Amino acid sequence: MFTNRQVGKTLVNRTQGTKIASEGLKGRVFEVSLGDLNNSEFDFRKFRLICEDVQGRNCLTNFHGMKFTRDKLCSIVKKWHVSI
């Protein structure tokens with residue numbers, strides 16, 4: 001779906017006793033701009049991706065939400081204008 005499949009790195013505690021490191025990553029939410037994912041100029045859209053599974057050193061994520069950046073929202077909403 002996206003051209004850039006590796007977005008970044010995150011920290012997690014090592015496996016110790018009954019606490020498994022991959023369980024610490026599951027459910028974690030990452031926020032990435034569309035410009036970072038597609039190498040495009042649409043960097044005002046921020047996608048929220050949730051980690052659902054861990055395979056080796058890779059987190060498999062799924063769509064969790066989308067937001068606009070604050071500067072884009074402020075440019076859309078203006079005083080005395082009607083939004084339809």
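For the sequence shown, UniProt numbering assigns the number 84 to the last residue and increments by one with no breaks.
Yeah, the Cβ is synthetic: ideal placement off N, Cα and C, and Gly gets one too.
On a predicted model such as this, the values are computed, not experimentally measured, just so you know.
Item, Value
"Please confirm whether Val29 and Val7 have their CB atoms less than 8 Å apart.", "no"
"In whole angstroms, what is the alpha-carbon distance linking Arg70 and Ile50?", "22 Å"
"Beta carbon of Leu65, beta carbon of Arg48: below 8 Å?", "Leu is not the amino acid found at residue 65; the sequence shown has Gly there. Cβ distance < 8 Å, so Gly65 and Arg48 count as in contact."
"Beta strand (DSSP E) containing Ser75: first to last residue?", "Taken as a continuous stretch (DSSP letters only), Ser75 belongs to no beta strand (DSSP E), being part of the alpha helix (DSSP H) at Arg70 to Ile76."
"Within the continuous beta strand (DSSP E) that includes Leu11, where are the two ends?", "Counting along the chain, Leu11 falls outside any beta strand (DSSP E), and DSSP gives it neither H nor E."
"Note the first and the last residue of the continuous beta strand (DSSP E) segment covering Asp53.", "Arg45 to Gln55"
"Flag this pair as yes or no: are the beta carbons of Asn38 and Thr15 separated by less than 8 Å?", "no"
"Hey, how far is the Cα of Gln55 from the Cα of Lys46?", "25 Å"
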